[in-house]
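Taking it in order: structure first as structure tokens, then the write-up.
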Amino acid sequence: MSNPLAEGLPVRRRPDPCAIVIFGASGDLTRRKLFPALYALAYRRLLPEQFAIVGVARTERTTKEFLADMRAGVREHGRDPLKSEVWNWLADGVRYVATEFDSDPGEDALARTLLELDEERGTQGNRLYYLAIPPQAFETVVGELGERRTGSGWTRVIVEKPFGTDLASATELNTLLHRWFDEHEVFRIDHYLGKETVQNMLALRFANGIFEPIWNRQFIDHVQITVAESMGIEGRAGFYERSGAIRDIFQNHLLQLLALTAMEPPIDFTADSVRNEKVKVLRALHTPGPKSVVRGQYGPGWVEGEEAPGYREEPGVASSSETETYFAAKLFVDNWRWADTPFYVRAGKRLARRETSIAIQFQRAPHPPFADVAGDGLRPNVLLIHVQPDEGVSLAVGAKVPGAGMTIRTVHMDFLYGGAFRTGLPEAYERLILDSMLGDATLFTREDEVEEQWKLVDAIIGAWQRDRPSFPNYQAGGWGPAAADELVHRDGRSWRRH
Amino acid sequence: MGVIAEIERQLGALRRRETAERDGHADLRMSTATHVVWAPPRWLPQAQATFARLEERHPARTIFLIPEPGRRARIEAEAALKDVTLEGAEREIYSEVVEIRLFGAAARHPASIVLPLLIPDLPAFCRWRGRPPWGASELDEVVGVVDRLVVDSGEWAGLPGQYGRLEALFDRVAVSDIAFRRLLPWRVRLAEAWPAVGKARRVRVTGPRADALLLAGWLRARLRRRIALTRRAADTVEAVAVDGRELEPPFGDPPGPGDLLSAELDVLGRDRVYEAAVQSVR
Numbered sequence: 180m181s182n183p184l185a186e187g188l189p190v191r192r193r194p195d196p197c198a199i200v201i202f203g204a205s206g207d208l209t210r211r212k213l214f215p216a217l218y219a220l221a222y223r224r225l226l227p228e229q230f231a232i233v234g235v236a237r238t239e240r241t242t243k244e245f246l247a248d249m250r251a252g253v254r255e256h257g258r259d260p261l262k263s264e265v266w267n268w269l270a271d272g273v274r275y276v277a278t279e280f281d282s283d284p285g286e287d288a289l290a291r292t293l294l295e296l297d298e299e300r301g302t303q304g305n306r307l308y309y310l311a312i313p314p315q316a317f318e319t320v321v322g323e324l325g326e327r328r329t330g331s332g333w334t335r336v337i338v339e340k341p342f343g344t345d346l347a348s349a350t351e352l353n354t355l356l357h358r359w360f361d362e363h364e365v366f367r368i369d370h371y372l373g374k375e376t377v378q379n380m381l382a383l384r385f386a387n388g389i390f391e392p393i394w395n396r397q398f399i400d401h402v403q404i405t406v407a408e409s410m411g412i413e414g415r416a417g418f419y420e421r422s423g424a425i426r427d428i429f430q431n432h433l434l435q436l437l438a439l440t441a442m443e444p445p446i447d448f449t450a451d452s453v454r455n456e457k458v459k460v461l462r463a464l465h466t467p468g469p470k471s472v473v474r475g476q477y478g479p480g481w482v483e484g485e486e487a488p489g490y491r492e493e494p495g496v497a498s499s500s501e502t503e504t505y506f507a508a509k510l511f512v513d514n515w516r517w518a519d520t521p522f523y524v525r526a527g528k529r530l531a532r533r534e535t536s537i538a539i540q541f542q543r544a545p546h547p548p549f550a551d552v553a554g555d556g557l558r559p560n561v562l563l564i565h566v567q568p569d570e571g572v573s574l575a576v577g578a579k580v581p582g583a584g585m586t587i588r589t590v591h592m593d594f595l596y597g598g599a600f601r602t603g604l605p606e607a608y609e610r611l612i613l614d615s616m617l618g619d620a621t622l623f624t625r626e627d628e629v630e631e632q633w634k635l636v637d638a639i640i641g642a643w644q645r646d647r648p649s650f651p652n653y654q655a656g657g658w659g660p661a662a663a664d665e666l667v668h669r670d671g672r673s674w675r676r677h
Numbered sequence: 344m345g346v347i348a349e350i351e352r353q354l355g356a357l358r359r360r361e362t363a364e365r366d367g368h369a370d371l372r373m374s375t376a377t378h379v380v381w382a383p384p385r386w387l388p389q390a391q392a393t394f395a396r397l398e399e400r401h402p403a404r405t406i407f408l409i410p411e412p413g414r415r416a417r418i419e420a421e422a423a424l425k426d427v428t429l430e431g432a433e434r435e436i437y438s439e440v441v442e443i444r445l446f447g448a449a450a451r452h453p454a455s456i457v458l459p460l461l462i463p464d465l466p467a468f469c470r471w472r473g474r475p476p477w478g479a480s481e482l483d484e485v486v487g488v489v490d491r492l493v494v495d496s497g498e499w500a501g502l503p504g505q506y507g508r509l510e511a512l513f514d515r516v517a518v519s520d521i522a523f524r525r526l527l528p529w530r531v532r533l534a535e536a537w538p539a540v541g542k543a544r545r546v547r548v549t550g551p552r553a554d555a556l557l558l559a560g561w562l563r564a565r566l567r568r569r570i571a572l573t574r575r576a577a578d579t580v581e582a583v584a585v586d587g588r589e590l591e592p593p594f595g596d597p598p599g600p601g602d603l604l605s606a607e608l609d610v611l612g613r614d615r616v617y618e619a620a621v622q623s624v625r
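Chains A and B, in that order, give the protein sequences.
Just so you know, we're using the numbering used here here: the first sequence kicks off at 180 and counts up by one.
Just so you know, we're using the numbering used here here: the second sequence kicks off at 344 and counts up by one.
What follows is the structure, encoded as structure tokens:
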């Protein structure tokens, strides 16, 4: 018999009892993002009552020291006040295990700790492993986890980006993971997918009857997707020198935003239905030729009122580095809906401002009778989805300027996401950790998606081997290289004005 | 100039001033509903305090109706814009607040004032402060123009008899009760105790009268059983015991008045669970 008292109560997604094991727990991600997210979930009582956290890292320290650091992280980066009753509940289930990833005694200590927690906290053998570790440690840790996997409870693995550095390494990682885990047990994080505004893109498209009929090549002139950062590499030269903008942003965040923009309506909102549609878009992406791709690297300049060094002057970066800090491309989705509709995408560091947005530019009105009296050229309608900051949606429409005559100006109708639903937007990691505990992979990247993304990146990078870029080619604080402007000007278009 | 035209003139002037002050870039006007507050003068300070908290969560055109029937008939209205700064956002949003004092006979006919001020296509809520005057024209008219009536039966004397009068409105307008919303953490606790509480015969509540009555009514309706209620008075619900066994209190601080009202504004349809609880309070 179902619970009659539950009727009308808010449906609370409470996961099974479980322990989350964070590998790489001494890293910045754990302190800045993961613990604040876990605290926010505890604050809202969204964690299971039988719950535990095990931090695993090489750094020698005690559980008490680890907790003190995490508490400070929650205070500094959390979105909720630090309440002792919530923190104490969470902290009671926290353990720290210092170990080299490839040491048997360390793995034994972890296994013992987890068994103890099953007894003390009732976590029932359910394990969620969060791999916030460098790629070189990956094989060892995954192998150990697989070999020591017990028959009791479920096991899931969250894998942080970067997921490989090219198609070959990504395929290798997938093969390694699948040696021990089924695909439904693997959760590849792209934290952009956990953002409320990115999910709202699906709501906007598929919960409103007015957009879908015009969401195609007949009504849309082109799409622009921008992932702009004003900051530099923030001391991550080692990582960034190996990745560059194409691997850091384009391969994952940018292509995911493109897939969500271009995908067909899924039959439902289950993980496989949504991901099936996204992967179709990725497969349909036409590999751009060299003339449709621009790469750049910033030189010195001024960003937000402060002088910024050029990329090659950043600590840890080679003075002759050819790593791109900017990437732009004109892409085509070769399918019935989007044939011949360009998707202009760009991502870069040290640009004029931080902004992630998707701009859908519609075709011009076919016969505007007031073309001669338009105040600013009677621009086409643009539906602008602001992913960050100022999350929301704007629609640019032409309106008559009050007074005699017929002068038309473009005005914006704005919907500010946080303004309409001021409940405090959850951080992406809150949603993603909770979903992985619930076994819901809708907002995670599937094996075939990752491989399609790398196929495209490899094809673009392959063409780069044949020529040497002339870097730096844009000034910090601007909007990227002149060649990026030419990329769109050639088609009689321009990047959105900011 | 009529009162509605005067309100619209004031709002228009305020919007133009905001835009001019910000160099042509107006803040965003944001509305998710029209929020009508019926607040007799003695309830007004509390209503305004709740609104101050609420506005951040549910930007709405808010219309305070302040009835003063014992005075010479006239209407006074004042409009204002309220700015809210959003954390992390570069722009502020604003929403509109209209305070209307209804003197004399006007206090008995508020619909003609409210109706033209409702924002089209968005839900309209009325938070009725104090006990509604059952059968009076002002209640009848407001119920006729809003989608949801939000009351707090904890503000009423004469319980449980008043619930019978409230019940008569259920087929005319969706009704919410802040007292029932306050009980949500305890209702969740009881739901978590299922099926152990499935054969409950007695419930003991340490808390306000309205809360205790509604909790017992809810249990009776959901479990379809006769359940005896005993109550020990307290300002908030401090303890609940079923058949002598105390429940573990809910986690965290109880929500404040703004949060409680805000949660009600998220509910759009009829709350059949609440209606059944009210029908079973006696």
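Positions of the beta carbon are idealized from the N, C-alpha and C atoms, including for glycine.
Beta-carbon gap between B:R552 and B:R575 smaller than 8 Å: Walking along the second sequence from the start, residue 552 of chain B turns up at place 209. Walking along the second sequence from the start, residue 575 of chain B turns up at place 232. No, these two residues do not count as a Cβ contact at 8 Å.
Min CB distance A:P183 to chain B below 8 Å: Residue numbering aside, residue 183 of chain A sits at position 4 when the first sequence is read from its first letter. Taking Cβ atoms only, chain B reaches closer than 8 Å to A:P183, which makes this a yes.
8 Å Cβ cutoff met for A:I399 and A:I539: If you number the first sequence from 1, residue 399 of chain A lands on position 220. If you number the first sequence from 1, residue 539 of chain A lands on position 360. Taking 8 Å as the Cβ cut-off, A:I399 and A:I539 qualify as a contacting pair.
For A:P521, three-class secondary structure by DSSP: The residue given as residue 521 of chain A occupies position 342 in the first sequence. A:P521: strand per DSSP, three-state reduction.
Distance CB(B:F468)-CB(B:R444) smaller than 8 Å: As a working mapping, residue 468 of chain B is identified with position 125 in the second sequence. As a working mapping, residue 444 of chain B is identified with position 101 in the second sequence. The answer is no: Cβ separation not under 8 Å.
Close Cβ partners of A:P488 (< 7 Å) along its chain, the five nearest in sequence each way excluded: The residue given as residue 488 of chain A occupies position 309 in the first sequence. Around A:P488: P479.
Among B:R530, B:F513, B:V494 and B:G507, nearest to B:D520 - alpha-carbon criterion: Within the second sequence, the letter at position 177 stands for residue 520 of chain B. Taking only the C-alpha atoms, the option nearest B:D520 is B:V494.
Exposure of A:P651, with buried meaning 16 or more beta-carbon neighbours within 10 Å: For the purposes of this step, residue 651 of chain A is taken as the residue at position 472 of the first sequence. A:P651 comes out buried.
8 Å Cβ cutoff, B:D614 in contact with chain A: Along the second sequence, read from residue 1 onward, the residue named residue 614 of chain B stands at position 271. So, interface residue.
Where A:H697 sits in the DSSP three-state scheme: Given a span of 180 to 677 for chain A in the structure shown, any question on residue 697 of chain A remains unanswerable.
Unbroken alpha helix (DSSP H) run spanning B:R525, endpoints: By one-based count along the second sequence, residue 525 of chain B stands at place 182. Taken as a continuous stretch (DSSP letters only), the alpha helix (DSSP H) holding B:R525 covers I521 to R525.
Length of the line joining the Cα atoms of B:R414 and B:Y617: For the purposes of this step, residue 414 of chain B is taken as the residue at position 71 of the second sequence. For the purposes of this step, residue 617 of chain B is taken as the residue at position 274 of the second sequence. Whole-angstrom Cα-Cα distance: 37 Å.
DSSP state of A:K470 mapped onto helix, strand, coil: What you label residue 470 of chain A is simply residue 291 of the first sequence in a count that begins at 1. Correct three-state label for A:K470: helix.
Option nearest A:E362 by Cα separation, candidates A:R240, A:P341 and A:R625: For the purposes of this step, residue 362 of chain A is taken as the residue at position 183 of the first sequence. Its Cα nearest to that of A:E362, the residue A:R625 stands out among A:R240, A:P341 and A:R625.
Short Cβ contact (8 Å threshold) for A:G659 with A:G468: Taking the first residue of the first sequence as 1, we reach residue 659 of chain A at position 480. Taking the first residue of the first sequence as 1, we reach residue 468 of chain A at position 289. For A:G659 and A:G468, no; Cβs fall outside 8 Å.
Boundaries of the beta strand (DSSP E) in which B:E411 is found, first to last residue: For this step, residue 411 of chain B is matched to residue 68 along the second sequence. First-last of the beta strand (DSSP E) with B:E411: R404 to E411.
Which residues DSSP lists as bridging A:Q654, in chain order: Counted from its first residue, the first sequence places residue 654 of chain A at position 475. The partner list for A:Q654 (beta bridge, DSSP) reads A:G478.
Helix, strand or coil at A:Q303 according to DSSP, with G and I counted as helix: Taking the first residue of the first sequence as 1, we reach residue 303 of chain A at position 124. Coil.
With 16 other Cβ atoms within 10 Å as the buried cut-off, status of A:Q632: Counted from its first residue, the first sequence places residue 632 of chain A at position 453. Label assigned to A:Q632: buried.
Under 8 Å by beta carbon: chain B residues contacting A:L574: Along the first sequence, read from residue 1 onward, the residue named residue 574 of chain A stands at position 395. Ordered by position in chain B, no residue passes the 8 Å Cβ test against A:L574, which lies about 13 Å from the chain.
Coil, strand or helix - A:V453 by DSSP: Along the first sequence, one-based indexing puts residue 453 of chain A at 274. Note: A:V453 maps to helix in three-state DSSP.
B:W537: contacting residues in chain A (beta-carbon distance under 9 Å): For the purposes of this step, residue 537 of chain B is taken as residue 194 along the second sequence, with counting starting at 1. The contacting residues are N182, P183, L184 and A185.
Start-to-end residues for the beta strand (DSSP E) that takes in A:E486: Counting from 1 along the first sequence, the entry for residue 486 of chain A is found at position 307. Where A:E486 is concerned, the enclosing beta strand (DSSP E) starts and stops at E485 to A487.
Classification of B:W529 by the beta-carbon crowding that lies within 10 angstroms, buried from 16 upward: Position 186 of the second sequence, counted from the start, is the residue given in the question as residue 529 of chain B. By the neighbour-count rule (16 or more Cβ atoms within 10 Å), B:W529 is buried.
Sequence-distant residues of its chain with Cβ nearer than 6 Å to A:A316 (five each side left out): Working through the first sequence from its first residue, we reach residue 316 of chain A at position 137. Closer than 6 Å at Cβ, skipping near neighbours: F280.
Span of the beta strand (DSSP E), counted from its first residue to its last, around A:K579: Walking along the first sequence from the start, residue 579 of chain A turns up at place 400. Segment G571 to K579, the beta strand (DSSP E) holding A:K579.
Alpha-carbon to alpha-carbon, A:S471 and A:R525: For the purposes of this step, residue 525 of chain A is identified with residue 346 of the first sequence, where counting begins at 1. For the purposes of this step, residue 471 of chain A is identified with residue 292 of the first sequence, where counting begins at 1. So the two alpha carbons sit approximately 12 Å from each other.
8 Å contact criterion, which B:A559 and B:V621 should meet: CB distance rounded: For the purposes of this step, residue 559 of chain B is identified with residue 216 of the second sequence, where counting begins at 1. For the purposes of this step, residue 621 of chain B is identified with residue 278 of the second sequence, where counting begins at 1. That pair is no contact at about 11 Å.
Min CB distance A:L188 to chain B below 8 Å: Position 9 of the first sequence, counting from 1, holds the residue named residue 188 of chain A. Chain B, which has a Cβ nearer than 8 Å to the Cβ of A:L188, makes this yes.
Pick from A:W515, A:S409, A:D513 and A:M592 that is closest to A:T535, judged by C-alpha positions: Walking along the first sequence from the start, residue 535 of chain A turns up at place 356. Closest option to A:T535, Cα to Cα, is A:S409.
Reduced DSSP category for A:F549 - H, G, I as helix; E, B as strand; rest coil: One-based indexing of the first sequence puts residue 549 of chain A at position 370. In the structure shown, the three-state DSSP call for A:F549 is coil.
Contact set for A:T449: own chain, Cβ-Cβ below 8 Å, skip 5 residues either direction: The sequence position of residue 449 of chain A within the first sequence is 270, counting from 1. Correct list, in chain order: T621.
Beta-carbon separation (whole angstroms), A:F623 vs A:F366, contact threshold 8 Å: Position 444 of the first sequence, counted from the start, is the residue given in the question as residue 623 of chain A. Position 187 of the first sequence, counted from the start, is the residue given in the question as residue 366 of chain A. Beta-carbon to beta-carbon, A:F623 and A:F366 are separated by about 5 Å, close enough to satisfy the 8 Å threshold.
Nearest residue (CA-CA) to B:A395, options B:Y437, B:P383 and B:R567: Here residue 395 of chain B refers to the residue found at position 52 when the second sequence is read from its first residue. Taking the Cα of B:A395 as reference, the smallest distance to any Cα among B:Y437, B:P383 and B:R567 is reached at B:Y437.
Pick from A:R533, A:G322 and A:M585 that is closest to A:L557, judged by C-alpha positions: As a working note, residue 557 of chain A is residue 378 in the first sequence. Considering only alpha carbons, the answer is A:M585.
Strand pairing of A:R335, partner residues [DSSP]: Walking along the first sequence from the start, residue 335 of chain A turns up at place 156. DSSP output for A:R335 lists A:L307 as bridge partner(s).
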